[in-house]
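Number of protein chains: 2
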Amino acid sequence: MLVHHLYSGGKDSSLAAWILTRLGYEVKLVTVSFGLLDNWRFAGETAEKLGFEHDVLYLPREILEKAAEIAIRDSHPNNAIQFLHERALEALASLPEVERVSDGTRRDDRVPLLDLPKTRSLEDRFNVAYVRPLLGLGYKTIRELTERLFIVEIRESEELEKADYEVELRHILRENGIDPLTIFPKKHYQSRVMGWKEKEIRARG
Amino acid sequence: MLVHHLYSGGKDSSLAAWILTRLGYEVKLVTVSFGLLDNWRFAGETAEKLGFEHDVLYLPREILEKAAEIAIRDSHPNNAIQFLHERALEALASLPEVERVSDGTRRDDRVPLLDLPKTRSLEDRFNVAYVRPLLGLGYKTIRELTERLFIVEIRESEELEKADYEVELRHILRENGIDPLTIFPKKHYQSRVMGWKEKEIRARG
Numbered sequence: 001m002l003v004h005h006l007y008s009g010g011k012d013s014s015l016a017a018w019i020l021t022r023l024g025y026e027v028k029l030v031t032v033s034f035g036l037l038d039n040w041r042f043a044g045e046t047a048e049k050l051g052f053e054h055d056v057l058y059l060p061r062e063i064l065e066k067a068a069e070i071a072i073r074d075s076h077p078n079n080a081i082q083f084l085h086e087r088a089l090e091a092l093a094s095l096p097e098v099e100r101v102s103d104g105t106r107r108d109d110r111v112p113l114l115d116l117p118k119t120r121s122l123e124d125r126f127n128v129a130y131v132r133p134l135l136g137l138g139y140k141t142i143r144e145l146t147e148r149l150f151i152v153e154i155r156e157s158e159e160l161e162k163a164d165y166e167v168e169l170r171h172i173l174r175e176n177g178i179d180p181l182t183i184f185p186k187k188h189y190q191s192r193v194m195g196w197k198e199k200e201i202r203a204r205g
Numbered sequence: 001m002l003v004h005h006l007y008s009g010g011k012d013s014s015l016a017a018w019i020l021t022r023l024g025y026e027v028k029l030v031t032v033s034f035g036l037l038d039n040w041r042f043a044g045e046t047a048e049k050l051g052f053e054h055d056v057l058y059l060p061r062e063i064l065e066k067a068a069e070i071a072i073r074d075s076h077p078n079n080a081i082q083f084l085h086e087r088a089l090e091a092l093a094s095l096p097e098v099e100r101v102s103d104g105t106r107r108d109d110r111v112p113l114l115d116l117p118k119t120r121s122l123e124d125r126f127n128v129a130y131v132r133p134l135l136g137l138g139y140k141t142i143r144e145l146t147e148r149l150f151i152v153e154i155r156e157s158e159e160l161e162k163a164d165y166e167v168e169l170r171h172i173l174r175e176n177g178i179d180p181l182t183i184f185p186k187k188h189y190q191s192r193v194m195g196w197k198e199k200e201i202r203a204r205g
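Below, the structure is given as structure tokens:
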């Protein structure tokens, strides 16, 4: 039972990957890149620290350009992030070897998040199961599990050593002469998963 | 990390209980009864076969009477079942020793299912975390996990050896001279969890 899991290296997608292993799934982590930057490597590093297989899925630059248009139109990143996540799920689900796709989206997220019709449409169009281990968990539960499982580094920084869509989206905005700070809310803290807190907690399979 | 898990003895609430143990939670199964019947015993039997602790939570008969009114008004059981589930979650969450409540509600269920505002309201009013392990899983995923885990007996029967709300709701309808078949859709098959398929799959904790 192999699951292809969209992975940014962050706490949520790491927790979701762990849950999948606890349910008996074999998990392959997949990080999306549009080929502009190699920030997918941060996800690859975290994947290695956690002992997961990791792949990169390259999507066409045109998709990122379209997302940038949406973000500029809205002066806000939410619809652009949602657009990118839907395209990422479709690209992953369309690969012939993929039977199950998964991600770290949460109950309390506004984006990215597929509603029920979009969820069923994804499953039906690509004949896959779409699994979201965190969808039924609130922030308290996610926090208590994350704190138990992971060594997390929190830094005050604008430097984004992350592999989520936001990094390449900010980059292409800058390429187009747009200051990302006019579109993205300013963040002071960011966290990065550095490894398992206790080796035995991993206890895969 | 103790979770109080609303439990009917069916496949969904059994699968959800298993997932909670795989996430490292200690799980206490709780079956609701309105004191009319002792069909909660079927949940107790299944709980024992699966090796879980099990309790009964008695709710006032007035709640069931109100649900019967709703079902009669609607000529359909959905709103009544939803009403009962909300009252059951509130009663469980209001107990002083309860910090986490859980159930087996699924992504593809129409009822019972709390939307996001109701979910947050439950958590805020009673200061609990509400965990739904199956919410991010579709029917394919639930089927493959259930088939791997449980010995299930499927019978063609109107006899309901079950501990869900429907049984006492049908009973009180009959007490009021109403034929439940005028309200509930007719079901030909029912399933009951009889035990673990492989002892080692349980592997709790």
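Residue numbers (the UniProt record's numbering), protein chains in the order written: chain D, 1 to 205; chain W, 1 to 205. Cβ atoms here follow ideal geometry from the backbone N, Cα and C, with glycine treated the same way. The structure displayed is predicted, hence computed values, not measured ones.
At the level of alpha carbons, what is the spacing between residue i and residue j?
| i | j | result |
| --- | --- | --- |
| Lys187 of chain W | Asp164 of chain W | 15 Å |
| Arg204 of chain D | Arg106 of chain W | Only weak support exists for where Arg204 of chain D lies, its pLDDT of 49 falling under 50; the coordinates are left without a value. |
| residue 259 of chain D | Leu36 of chain W | Any question about residue 259 of chain D goes unanswered here, given that chain D covers just 1 to 205. |
| Leu95 of chain D | Asp74 of chain D | 32 Å |
| Arg143 of chain D | Asn79 of chain D | 26 Å |
| Glu48 of chain D | Arg110 of chain D | 29 Å |
| Val152 of chain W | Gly195 of chain W | 7 Å |
| Glu198 of chain D | Arg22 of chain D | 15 Å |
| Ile154 of chain D | Thr46 of chain W | 45 Å |
| Asp55 of chain W | Trp40 of chain W | 9 Å |
| Lys118 of chain W | Phe83 of chain W | 12 Å |
| His76 of chain D | Leu114 of chain W | 30 Å |
| Arg148 of chain W | Phe126 of chain W | 36 Å |
| Leu57 of chain W | Leu50 of chain D | 41 Å |
| Leu116 of chain D | Tyr189 of chain D | 32 Å |
| residue 207 of chain W | Asp38 of chain D | Only positions 1 to 205 of chain W appear in the structure, and residue 207 of chain W is not among them; the question remains open. |
Which same chain residues end up closer than 6 Å to residue i when comparing Cβ atoms and leaving out the 5 residues on each side of it in sequence?
| i | result |
| --- | --- |
| Leu2 of chain D | Glu26 |
| Thr146 of chain D | Lys11 and Leu15 |
| Ser13 of chain D | Tyr7 and Gly104 |
| His85 of chain D | Pro112 |
| Val44 of chain D | According to the sequence displayed, residue 44 of chain D carries Gly and not Val. So the list reads His54, once near-sequence residues are dropped. |
| Ala68 of chain W | Ile172 and Leu173 |
For residue i, report the span of its beta strand (DSSP E) as first-last.
| i | result |
| --- | --- |
| His4 of chain D | Leu2 to Leu6 |
| Gly195 of chain D | Tyr189 to Trp196 |
| Tyr58 of chain W | Glu53 to Tyr58 |
| Tyr25 of chain W | Looking at the DSSP string, Tyr25 of chain W is not in any beta strand (DSSP E), and its letter there is neither H nor E. |
| Val131 of chain W | Ala129 to Val131 |
| Val101 of chain W | Arg100 to Ser102 |
Excluding the five sequence neighbours on either side, which residues of its own chain have a C-beta within less than 7 Å of the C-beta of residue i, listed in chain order?
| i | result |
| --- | --- |
| Phe52 of chain D | Ala17, Val27 and Leu29 |
| Leu59 of chain D | Val32, Phe34, Arg87, Ala88 and Ala91 |
| Glu161 of chain D | Phe42 and Arg192 |
| Val70 of chain D | First, the residue type needs correcting, since residue 70 of chain D is Ile and not Val in the sequence shown. Excluding positions up to five away in sequence, the list reads Asn79, Ala80 and Phe83. |
Just to confirm my understanding: we take residue i, look at its own chain, exclude 5 residues before and 5 after, and list those with CB closer than 8 Å. What are they?
| i | result |
| --- | --- |
| Ile72 of chain D | Leu173, Asn176, Ile178 and Ile183 |
| Leu20 of chain D | Val3, His5, Val27, Ser102, Val131 and Pro133 |
| Phe150 of chain W | Lys11, Ser14, Leu15, Val193, Met194, Gly195, Trp196 and Lys197 |
| Val128 of chain W | Ala93, Val98, Glu99, Arg100, Val101 and Leu122 |
| Asp108 of chain W | Gly138 and Tyr139 |
Identify the continuous alpha helix (DSSP H) that holds residue i and give its terminal residues.
| i | result |
| --- | --- |
| Val167 of chain W | Tyr165 to Glu175 |
| Glu86 of chain W | Asn78 to Ala93 |
| Arg73 of chain D | Arg61 to Asp74 |
| Arg41 of chain W | Trp40 to Leu50 |
| Arg120 of chain D | Leu116 to Phe126 |
| Arg143 of chain W | Tyr139 to Leu149 |
### Task
Scan the region 129-142 of chain D for residues whose Cβ lies nearer than 8 Å to a Cβ of chain W and list them as they occur along the chain.
So the list reads Ala129, Tyr130, Val131, Arg132, Pro133, Leu134, Leu135, Gly136, Leu137, Gly138, Lys140 and Thr141, given in the order they occur along the chain.
### Message
With a threshold of 8 Å, are at least 3 pairs of Cβ atoms found where one atom belongs to the region 122-140 of chain D and the other to the region 178-185 of chain D?
### Response
In the pairwise beta carbon analysis, the region 122-140 of chain D is classified as not touching the region 178-185 of chain D: fewer than three pairs are separated by under 8 Å.
### Query
Would you say the region 109-127 of chain W touches the region 86-101 of chain W, given that touching needs at least three Cβ pairs under 8 Å?
With the cut-off at 8 Å, the region 109-127 of chain W and the region 86-101 of chain W touch.
### Message
Using a Cβ distance threshold of 8 Å, determine whether the region 50-68 of chain W contacts the region 161-179 of chain W, with at least three qualifying pairs required.
### Response
Two segments are said to touch when three or more pairs of C-beta atoms, one from each, lie closer than 8 Å; by this definition the region 50-68 of chain W touches the region 161-179 of chain W.
### Task
Pull out every residue of the region 3-28 of chain W whose Cβ sits closer than 8 Å to any Cβ of chain D, in chain order.
Answer in chain order: Ile19, Arg22, Leu23 and Gly24.
### Message
Tell me which residues of the region 79-106 of chain D have at least one Cβ-Cβ distance to chain W shorter than 7 Å, keeping chain order.
### Response
Going along the region 79-106 of chain D in chain order, one finds no residue with a Cβ nearer than 7 Å to chain W.
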